[in-house]
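Inspection log for the structure reproduced underneath, given as structure tokens.
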Amino acid sequence: MLLINPPLYMYKAMRVNPFFKFFRFWPLGVLLFLGACSSGKQSFQKGDYDRAVIQAVNRLQKDPSNKKALSTLEQAYKYAQENHQTRITEAMKSTETFRWETVVQEYESMNNLVDAGRRCPACRSVINNAGKYPEQLAAARQKAAETRYDLGAKLLKEKNRQSAKEAYQHFERAEQFVPGFKDARQKQDEAYLAALLKVVVEPVAVNKGVYQLSNEYFQNKIQEYLQHYEQQSFIKFFTLQEVRGKSFVPDHVLTLSFDDFVVGQTYLKEKEQNLERDSVKTGTVEGKDVYGTVKVKYITFEKTITSSGLLDFRIMDWQTKNIITQEKMPGTFVWRDEWATYKGDERALNKEQLKRARRRESPNPAPQFLFVEFTKPIYSQLTSKIQSFYRKY
298 MLLINPPLYM
308 YKAMRVNPFF
318 KFFRFWPLGV
328 LLFLGACSSG
338 KQSFQKGDYD
348 RAVIQAVNRL
358 QKDPSNKKAL
368 STLEQAYKYA
378 QENHQTRITE
388 AMKSTETFRW
398 ETVVQEYESM
408 NNLVDAGRRC
418 PACRSVINNA
428 GKYPEQLAAA
438 RQKAAETRYD
448 LGAKLLKEKN
458 RQSAKEAYQH
468 FERAEQFVPG
478 FKDARQKQDE
488 AYLAALLKVV
498 VEPVAVNKGV
508 YQLSNEYFQN
518 KIQEYLQHYE
528 QQSFIKFFTL
538 QEVRGKSFVP
548 DHVLTLSFDD
558 FVVGQTYLKE
568 KEQNLERDSV
578 KTGTVEGKDV
588 YGTVKVKYIT
598 FEKTITSSGL
608 LDFRIMDWQT
618 KNIITQEKMP
628 GTFVWRDEWA
638 TYKGDERALN
648 KEQLKRARRR
658 ESPNPAPQFL
668 FVEFTKPIYS
678 QLTSKIQSFY
688 RKY
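When we follow the numbering used here, the leftmost residue of the sequence shown carries the number 298, and every step to the right adds one.
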């Protein structure tokens with residue numbers, strides 16, 4: 298038995314999918330918004346009776362004496378009910394696998410129209426609680442959950458990952474239709490375990506001690522990504538320590554190693570220029586300004602420190618040790634510093650040159666910083682590769 302800690306539900310978000318709950322009602326919300334300034338007559342004429350009902354309700358909430366909206370509501374509500382009932386009858390007579398889900402949707406739509414009418418006193422003469430179908434909806438939900446549960450149970454018996462993944466979805470839907478339905482939650486856990494691809498991730502080894510702290514940062518970033526990724530998938534990543542003594546056999550082993558890396562290659566470029574500027578005031582003679590040419594020797598420095606490395610990414614079959622996929626991922630970071638000095642008259646310099654001349658050489662960044670920086674583009678490549686590779690699983 299495979300034990301995973303924390304509990305399984307932490308890896309699959311919520312058993313009752315909040316998005317399912319939201320989108321189940323979104324058409325009504327959209328209709329409420331779009332129908333705020335309409336009596337619903339145009340929607341009625343187009344045969345969109347649900348929209349016409351909502352638009353008429355909205356108008357009557359603002360103007361209870363609006364006869365046009367009331368007339369539209371009476372006709373549209375009648376036709377909407379008839380349409381939903383017809384679709385329910387057709388669905389119940391069909392042999393389509395998920396016909397009961399259609400029935401659930403139709404009853405929910407009718408109940409939603411009644412709920413909308415409840416908020417409008419002027420609408421209660423047309424729409425009342427008699428139009429709701431709580432018992433029929435509950436029965437349809439029960440049937441829909443039963444269908445999903447039976448499909449999940451059948452697929453689970455096939456004992457392969459793809460079938461187990463599909464079974465998981467069916468048990469999840471069964472729980473959504475009827476929370477606590479039979480042992481659907483337990484079966485969902487069982488399907489998750491059967492569908493799970495177990496991947497051992499070997500740590501990135503760095504032999505040079507000075508970079509150990511930076512490598513831990515890189516390793517932790519990878520671990521955070523893997524933890525986030527597995528919550529949205531049927532993949533579970535383990536460390537070597539976590540699989541020791543366990544009863545299960547991993548499927549893949551993911552190894553990461555630097556083929557080579559260089560930190561702190563320094564290059565200094567020096568450039569000397571003789572600059573001059575004409576028509577610069579150089580003094581005063583007998584009360585008159587004297588203009589001339591000023592000159593300066595301007596020396597610029599540009600220092601670059603380059604760090605780079607090549608990460609070997611490899612996924613192998615745990616049992617056969619055969620390589621499934623492999624890729625080399627390069628990363629480079631260049632740190633730059635610029636400053637200048639001069640000899641002569643600074644008035645020969647423009648603002649940008651003078652600004653650079655007032656700067657001083659910056660201290661070199663720490664090797665650990667340079668290591669982290671060149672691994673950042675590698676991290677981006679790595680996470681993209683993991684996502685694209687395991688998407689098919």
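C-beta atoms are modelled at their ideal positions from N, C-alpha and C, and glycine is treated no differently. Here the structure is a predicted model, which means the values were calculated and not measured.
{"Check": "Who are the near neighbours of E266 in its chain, counting only those whose CB is closer than 6 angstroms to its CB and skipping five residues on each side?", "Outcome": "Outside the shown range of the chain, which is 298 to 690, sits residue 266, and nothing can be said about it."}
{"Check": "Going by C-alpha to C-alpha distance, which of T369, K364, E403 sits closest to N380?", "Outcome": "E403"}
{"Check": "I'd like the span of the alpha helix (DSSP H) that includes T601, first residue to last.", "Outcome": "Here T601 belongs to no alpha helix (DSSP H); instead the beta strand (DSSP E) covers 585–614."}
{"Check": "Where does T536 fall in DSSP's three states?", "Outcome": "coil"}
{"Check": "On the CB-based measure, 16 or more other CB atoms within 10 Å of its CB, does S681 come out buried or exposed?", "Outcome": "exposed"}
{"Check": "Would you check if the distance between the CB atom of V400 and the CB atom of I385 is smaller than 8 angstroms?", "Outcome": "yes"}
{"Check": "Determine the burial state of E658: buried for a count of at least 16 other Cβ atoms within 10 Å of its Cβ, exposed for fewer.", "Outcome": "exposed"}
{"Check": "For V577, which option in S685, F535, D556, D642 has the closest C-alpha, if you only look at C-alpha atoms?", "Outcome": "D642"}
{"Check": "Report buried or exposed for S422, applying the criterion of at least 16 other Cβ atoms within 10 angstroms of its Cβ.", "Outcome": "exposed"}
{"Check": "Where does I621 sit, in a helix, a strand or coil, going by DSSP?", "Outcome": "strand"}
{"Check": "So what's P500 in DSSP terms, helix, strand or just coil?", "Outcome": "coil"}
{"Check": "Give me the Cα-Cα distance between F322 and Y376, rounded to the nearest whole angstrom.", "Outcome": "No answer about F322 holds up, because its pLDDT of 43 lies below 50 and its placement is not dependable."}
{"Check": "For L494, which residues in the same chain have their Cβ closer than 8 angstroms to its Cβ, ignoring the five residues on either side in sequence?", "Outcome": "R458, F531, I532, K533, D548, H549, Y687, Y690"}
{"Check": "Can you round the beta-carbon distance between F671 and G628 to whole angstroms, since I take them to be within the 8 angstroms contact cut?", "Outcome": "5 angstroms"}
{"Check": "Mind checking who F555 pairs with in its DSSP beta bridge?", "Outcome": "L608"}
{"Check": "Return the chain-ordered ranges of every alpha helix (DSSP H) run that is complete within the stretch 378–424 and spans a minimum of 4 residues.", "Outcome": "396–415"}
{"Check": "Check for me: the alpha helix (DSSP H) holding Y346 runs from which residue to which?", "Outcome": "346–359"}
{"Check": "Who does L494 pair with in a DSSP beta bridge?", "Outcome": "I532"}
{"Check": "Determine the DSSP secondary structure at N363, reduced to helix, strand or coil.", "Outcome": "coil"}
{"Check": "Return helix, strand or coil for L646, following the three-state DSSP convention.", "Outcome": "coil"}
{"Check": "Taking the DSSP output, what are the residues bridged to T629?", "Outcome": "S605"}
{"Check": "Do Q372 and F395 come within 8 angstroms of each other at the CB atom, strictly closer than that value?", "Outcome": "no"}
{"Check": "In angstroms with no decimal places, state the Cα-to-Cα distance between Y526 and Q520.", "Outcome": "10 angstroms"}
{"Check": "With 16 other CB atoms within 10 Å as the buried threshold, where does R694 fall?", "Outcome": "Summary: the structure shown does not reach residue 694, with the chain confined to residues 298 through 690, and so no result is reported for it."}
{"Check": "Check for me: the alpha helix (DSSP H) holding S685 runs from which residue to which?", "Outcome": "664–687"}
{"Check": "Could you name the residues of the same chain whose beta carbon sits closer than 7 angstroms to that of G580, not counting the 5 residues immediately before and after it, in chain order?", "Outcome": "V587"}
{"Check": "So for K484, helix, strand or coil by DSSP?", "Outcome": "helix"}
{"Check": "Taking buried to mean at least 16 other C-beta atoms within 10 Å of its own C-beta, is G477 buried or exposed?", "Outcome": "exposed"}
{"Check": "Measuring straight from C-alpha to C-alpha, what distance separates T552 and E499?", "Outcome": "5 angstroms"}
{"Check": "Considering only DSSP beta bridges, list what R574 is partnered with.", "Outcome": "V591"}
{"Check": "Verify whether the separation of the beta carbon atoms of Y639 and I675 is less than 8 angstroms.", "Outcome": "no"}
{"Check": "Determine the contact status of L434 and V350, defining contact as a CB-CB distance below 8 angstroms.", "Outcome": "no"}
{"Check": "Assuming I602 contacts G561 under a Cβ cut-off of 8 angstroms, what Cβ separation, rounded to an integer in Å, is found between them?", "Outcome": "6 angstroms"}
{"Check": "Which word fits Q238, buried or exposed, when buried means at least 16 other C-beta atoms lie within 10 angstroms of its C-beta?", "Outcome": "It is not possible to answer for residue 238, since the shown part of the chain is limited to 298 through 690."}
{"Check": "Which whole-angstrom value is the C-beta distance of L572 and L679, which I expect to be below 8 angstroms?", "Outcome": "Going by Cβ atoms, the distance from L572 to L679 rounds to 49 angstroms, so no, they are not a contact pair."}
{"Check": "Under 8 angstroms, do L452 and E463 count as touching if we go by C-beta distance?", "Outcome": "yes"}
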